[in-house]
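Participant: Reminder that position 146 of the sequence shown reads as 150 in our numbering, one-by-one numbering, no gaps.
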Amino acid sequence: MFLDRPKQGQLQAYLAQQLSYTPFVFNSVLGVFIFTKKTQTTETLSLWVNHFLEMEKLHPERLIDTSNDPRFFKRVTMGVLGNEKASALAWKRHLNSFIFQVNPYQFKGSAGIKVFQRIQKTVSKQGSASQKKYFKQRLKLLRNRVSLSSIESLWKG
Numbered sequence: 005m006f007l008d009r010p011k012q013g014q015l016q017a018y019l020a021q022q023l024s025y026t027p028f029v030f031n032s033v034l035g036v037f038i039f040t041k042k043t044q045t046t047e048t049l050s051l052w053v054n055h056f057l058e059m060e061k062l063h064p065e066r067l068i069d070t071s072n073d074p075r076f077f078k079r080v081t082m083g084v085l086g087n088e089k090a091s092a093l094a095w096k097r098h099l100n101s102f103i104f105q106v107n108p109y110q111f112k113g114s115a116g117i118k119v120f121q122r123i124q125k126t127v128s129k130q131g132s133a134s135q136k137k138y139f140k141q142r143l144k145l146l147r148n149r150v151s152l153s154s155i156e157s158l159w160k161g
């Protein structure tokens with residue numbers, strides 16, 4: 005399943021209405037990953053995702069349940085980071101997209117923070133020196149943006 009950014013946000017908002025919390029929906033070139041609490045049943049989530057796709061007149065997609073494999077997304081990330089045939093652009097796009105979407109400095113859902121912590125650990129333990137440096141730089145840039153937007157909101161308020 006592939007969604008544009010606005011549809012991704014709408015899917016996340018729709019699922020948050022159905023659940024009692026906000027799940028983390030990560031949209032990448034590899035597909036859309038939905039991270040929920042462990043107690044969430046896959047069957048119910050699949051029904052809600054299909055209902056959303058029908059409401060938005062999007063084509064139904066194949067959903068793959070990876071809930072029994074907690075290391076699935078870690079392996080996907082390691083595959084992107086460790087792919088020697090791919091250019092640096094591929095892993096930079098993956099990391100940049102992930103950091104931008106999860107935004108660890110403003111995210112309010114526990115599912116997103118847990119995923120962020122796992123990926124941060126993966127990059128720090130198994131990423132190359134340039135990947136670690138890039139990840140830290142992107143986080144620093146995001147932190148500065150959050151700080152600036154906080155100051156701007158106080159100034160306007």
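Don't be surprised by glycine CBs; every beta carbon is placed ideally from N, CA and C.
Would you call the CB atoms of L99 and F39 closer than 9 Å?
Facilitator: Residue numbering aside, residue 99 sits at position 95 when the sequence shown is read from its first letter. Residue numbering aside, residue 39 sits at position 35 when the sequence shown is read from its first letter. For L99 and F39, no; Cβs fall outside 9 Å.
Participant: For Q135 and L85, which I take to be in contact (beta-carbon distance under 8 Å), what is that distance rounded to the nearest angstrom?
Facilitator: Indexing the sequence shown from 1 puts residue 135 at position 131. Indexing the sequence shown from 1 puts residue 85 at position 81. Sure, about 6 Å apart at Cβ, within 8 Å.
Participant: How do the region 81–95 and the region 5–19 stand: do at least 3 beta-carbon pairs fall below 8 Å, yes or no?
Facilitator: no
Participant: Strictly by DSSP, which residues pair up with F30?
Facilitator: Locating residue 30 in the sequence shown gives position 26, counting from the first residue. Looking at the DSSP assignment, F30 forms a beta bridge with F37.
Participant: How long is the line joining the alpha carbons of T45 and I68, rounded to whole angstroms?
Facilitator: One-based indexing of the sequence shown puts residue 45 at position 41. One-based indexing of the sequence shown puts residue 68 at position 64. Distance between the alpha carbons of T45 and I68: 13 Å.
Participant: For the region 61–95, list the alpha helix (DSSP H) runs that are entirely contained and at least 4 residues long, ordered along the chain.
Facilitator: 76–86
Participant: Rounded to whole angstroms, how far is the Cβ of V106 from the Cβ of V119, which I believe are closer than 8 Å?
Facilitator: Taking the sequence shown and counting its residues from 1, the one referred to as residue 106 is at position 102. Taking the sequence shown and counting its residues from 1, the one referred to as residue 119 is at position 115. Yes, they are in contact, since the Cβ atoms of V106 and V119 sit about 7 Å apart, within 8 Å.
Participant: Please state whether DSSP places Y138 in a helix, a strand or coil.
Facilitator: Indexing the sequence shown from 1 puts residue 138 at position 134. Helix at Y138.
Participant: In terms of residue numbering, what span does the alpha helix (DSSP H) encompassing S50 cover?
Facilitator: The residue given as residue 50 occupies position 46 in the sequence shown. Run containing S50: 46–59, per the alpha helix (DSSP H) assignment.
Participant: Comparing alpha-carbon positions, which option in S132, R147, R97, I117 lies nearest F28?
Facilitator: Position 24 of the sequence shown, counted from the first residue, corresponds to residue 28. Ranking S132, R147, R97, I117 by Cα distance to F28 puts I117 first.
Participant: What's the C-alpha gap between P10 and Q130?
Facilitator: Translated into positions along the sequence shown, residue 10 becomes position 6. Translated into positions along the sequence shown, residue 130 becomes position 126. Pairing P10 with Q130, the inter-Cα distance amounts to about 32 Å.
Participant: So the candidates are R147, L7, S101, P108; which of them puts its Cα closest to the Cα of G35?
Facilitator: The residue labelled residue 35 in the question sits at position 31 within the sequence shown. Among R147, L7, S101, P108, the Cα nearest to that of G35 belongs to L7.
Participant: Anyone know if the C-beta pair for F37 and F77 falls short of 9 Å?
Facilitator: Numbered from its first residue, the sequence shown carries residue 37 at position 33. Numbered from its first residue, the sequence shown carries residue 77 at position 73. It is a contact, given that the beta carbons lie within the stated cut-off.
Participant: Where does the unbroken alpha helix (DSSP H) through P10 begin, and where does it stop?
Facilitator: Residue mapping note: residue 10 aligns to position 6 of the sequence shown, counting from 1. Annotation: the continuous alpha helix (DSSP H) that includes P10 extends over 9–22.
Participant: Between the C-alpha atoms of L57 and H63, what's the straight-line distance to the nearest angstrom?
Facilitator: For the purposes of this step, residue 57 is taken as the residue at position 53 of the sequence shown. For the purposes of this step, residue 63 is taken as the residue at position 59 of the sequence shown. The straight-line gap from Cα to Cα measures roughly 7 Å.
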